[in-house]
Ligand code: MF3
Ligand code: CO
Ligand code: CO
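The structure is reproduced here in structure tokens:
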């Protein structure tokens, strides 16, 4: 996945617009989620929004990936390819947006509710949202990458869920994926030390059942082997003097996602 590239203040300043655009694109994409929408329609929206902003959708043609966004429904863990799949009442869908603006990448994703979620879907999605926040809270100079994985794993497993092993968070900047690899499971005090100027994603994929996955014959779509639900949230963060800056922070609560917290 490449080396760790420590960013200067100027680098982080240059990365902010790409990250802000990715977050804004995801916010807007979340608003169109509804029963009857196809995942291809989400792709068209994200593609057009990105181009209109003078940016490039990073997924398109990345290692042969055929679309401009990933849309992962229900049992799809990640890398779902937009297509004819129609969103149904009770589905959950992760939308994963990566934008390239002025040569810098911003990577962010969230899971949205389609119609009314079941109690178990809601429990999984809210647990996963909490896992990302706990991981972000554990990231600061002097901590270790294992501290992030440990808090995420502990919370997911306490809720009866499991942590996907096969995909990790990643350094990001001028490259889509660079070092370090950020596992969402692990042990406190283990792994690389976190230092100021690192920019990486935390993107836990949490399963309702077992963590095991397989990849479909399209060579991208990763699904749970037991067919149970999987959810994911992702932010791009920068390590500051004393903590983190969430570069892909949202300006408003996510429609069709966070609104359910207010019930
Ligand atoms: N956005 C994903 C990530 O969080 C990567 C998608 S790669 C693609 O790292 F080719 F499927 F788009
Ligand atoms: Co990512
Ligand atoms: Co992503």
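Numbering (our numbering), first residue to last: 1 to 263.
Ideal placement from N, C-alpha and C gives every residue a C-beta, glycine not left out.
Less than 6 Å between the CB of residue 218 and some heavy atom of ligand 2, yes or no?
No, since every heavy atom of ligand 2 falls outside the 6 Å radius drawn around the Cβ of residue 218.
Mind checking whether the beta-carbon of residue 234 lies closer than 6 Å to any heavy atom of ligand 5?
What this structure holds is ligand 1, ligand 2 and ligand 3, not ligand 5.
Just to confirm, does residue 203 get its C-beta within under 6 Å of one of the non-hydrogen atoms of ligand 1?
Indeed, a heavy atom of ligand 1 lies less than 6 Å from the Cβ.
Residue 124 by DSSP, collapsed to three states: which one?
In the structure shown, residue 124 sits in a helix (DSSP, three-state: H, G or I).
Please classify residue 119 as buried or exposed, where buried requires at least 16 neighbouring CB atoms within 10 angstroms.
Exposed, by the Cβ-count rule.
Confirm the yes/no value for this check: CB of residue 96, any heavy atom of ligand 1, distance under 6 Å.
Yes, the Cβ of residue 96 comes within 6 Å of a heavy atom of ligand 1.
Suppose the cutoff is 6 Å on Cβ atoms and the five residues either side in sequence are ignored; what does the same chain contact list for residue 248 look like?
Around residue 248: 19, 22, 23, 106, 108, 235 and 236.
For residue 169 versus residue 202, is the C-beta spacing smaller than 7 Å?
Taking 7 Å as the Cβ cut-off, residue 169 and residue 202 qualify as a contacting pair.
Nearer than 6 Å: is that true of the beta carbon of residue 137 relative to any heavy atom of ligand 2?
No, since every heavy atom of ligand 2 falls outside the 6 Å radius drawn around the Cβ of residue 137.
Compare the C-alpha of residue 176 against each of 99, 214, 17 and 35 and name the closest.
Out of 99, 214, 17 and 35, 99 has the C-alpha closest to the C-alpha of residue 176.
Indicate whether residue 59 and residue 68 have their beta-carbon atoms separated by less than 7 Å.
Yes, Cβ-Cβ distance for residue 59 and residue 68 is below 7 Å.
The beta strand (DSSP E) that contains residue 215, what's its start and end?
Element bounds for residue 215: 213-215.
Classify residue 180 as helix, strand or coil using the three-state DSSP reduction.
Residue 180: strand per DSSP, three-state reduction.
Return yes when at least one heavy atom of ligand 3 lies under 6 Å from the C-beta of residue 109, else no.
At least one heavy atom of ligand 3 is nearer than 6 Å to the Cβ of residue 109, so yes.
Starting from residue 205, trace the beta strand (DSSP E) in both directions and tell me its first and last residue.
Residue 205 -> beta strand (DSSP E) spans 205-207.
Taking the Cβ atom as the reference point for each residue, do residue 103 and residue 174 lie within a distance shorter than 7 Å?
Contact flag set, yes.
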